[in-house]
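Data first, discussion second: the structure below is written as structure tokens.
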Amino acid sequence: MVAFPQPDGGDAERIDGSPAVSLHDSAADVDALLRAIFDSSYFMPHPEPVKLSVVLGILRLSHKYDIQYLHRRALNHLSARYFAASAEDYRSPAAEARRKDEEAVSLLFVIQAAVEVGALCLLPIAYYQASGYTRADFLDSVNLGAAENLVHECLAQRDLIIQNRSTSSPHSRPTTAIAPVVAKPFDSPF
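With the working numbering applied, the sequence shown covers 116 to 305.
This is the structure:
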């Protein structure tokens with residue numbers, strides 16, 4: 116590290132006499148990542164409850180900066196939140212209540228982060244859950260910070276799922292479409 120070139124003393128921004136480092140990440144995400152690194156009680160493993168914004172911030176930055184233990188922990192939190200051990204667990208009252216509390220914009224942020232970090236196994240269930248929201252819910256998400264192109268992609272996926280539901284056998288339950296993606300919280304490829 117001593118061999119690294121040092122910034123010029125004159126122009127470099129300093130804080131308390133030390134050179135400042137500029138990161139091109141959101142302040143909230145950096146705050147969450149640094150707290151997770153330096154305060155072991157801040158980002159505990161599942162089943163400890165953690166705000167979704169914290170999980171997604173740590174997921175993105177731990178992927179970007181290759182902090183594998185935090186990356187796995189964030190994926191475990193998302194996996195436990197979005198996967199179920201069985202279709203019955205998926206339909207349980209507790210799971211139903213959690214999904215009702217979830218806003219469309221939250222699912223959009225999960226989908227966006229999953230695509231960014233390559234956690235593609237989260238996408239089928241996230242798209243499936245998103246199919247329960249109205250077009251208005253999705254369009255309102257743009258005002259809350261969701262990327263417009265992602266909203267349109269989710270609407271297209273939602274429409275496909277709804278179309279498949281309407282053409283499936285009257286004896287099949289809508290949740291049987293998720294059977295291939297139901298897994299134990301972390302039988303996934305991470």
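Every residue gets a Cβ at the ideal spot worked out from N, C-alpha and C, and that includes glycine.
_Is the beta carbon of R273 closer than 8 Å to that of S256?_
no
*With P160 as the anchor, note down where its alpha helix (DSSP H) starts and where it stops.*
First-last for P160: undefined, no H or E at that position.
*asked:* Does the structure place the stretch 234 to 246 close enough to the stretch 189 to 207 that three or more beta carbon pairs sit under 8 Å?
replied: yes
*On the DSSP bridge assignment, give the partners of R129 in chain order.*
P134
*A143: buried (16+ other C-beta within 10 angstroms of its C-beta) or exposed?*
exposed
_Alpha-carbon to alpha-carbon, A202 and S168_ = 27 Å
*Per-residue burial, R196 [other beta carbons within 10 Å of its own, 16 or more giving buried]*: buried
_Using the three-state DSSP reduction, which class does K215 fall into: helix, strand or coil?_
helix
*Have a look at A262, K179, D181, D126 and flag the residue whose alpha-carbon is nearest the alpha-carbon of V220.*
A262
*In three-state DSSP terms, what is T282?*
helix
*Which residues mark the beginning and the end of the alpha helix (DSSP H) in which F153 is found?*
142 to 153
_Contact defined as beta carbons within less than 8 Å: I believe L223 pairs with V266. What is the distance between those atoms, to the nearest angstrom?_
7 Å
*Count the other CB atoms, across all protein chains shown, that sit within 10 Å of the CB of V232; report buried if there are 16 or more and exposed otherwise.*
buried
*Examine the Cβ distances between the stretch 142 to 156 and the stretch 173 to 185 and report whether three or more of them are shorter than 8 Å.*
yes
_Within the stretch 240 to 276, ranges of the alpha helix (DSSP H) (whole runs, at least 4 residues)_ = 250 to 258
*asked:* Let me check understanding here. Comparing Cα to Cα, which of L275, A229, I226, E218 lies closest to Y248?
replied: E218
*asked:* Can you find the residues in the same chain that come closer than 8 Å, C-beta to C-beta, to Q244, ignoring five residues on each side of it along the sequence?
replied: Y197, R214, E217, L222
*When we look at the beta-carbon of L138 and count the other beta-carbons within 10 Å, is it buried (16 or more) or exposed?*
exposed
*In the DSSP assignment, find the alpha helix (DSSP H) that holds S207 and state where it starts and stops.*
Run containing S207: none; DSSP gives neither H nor E here.
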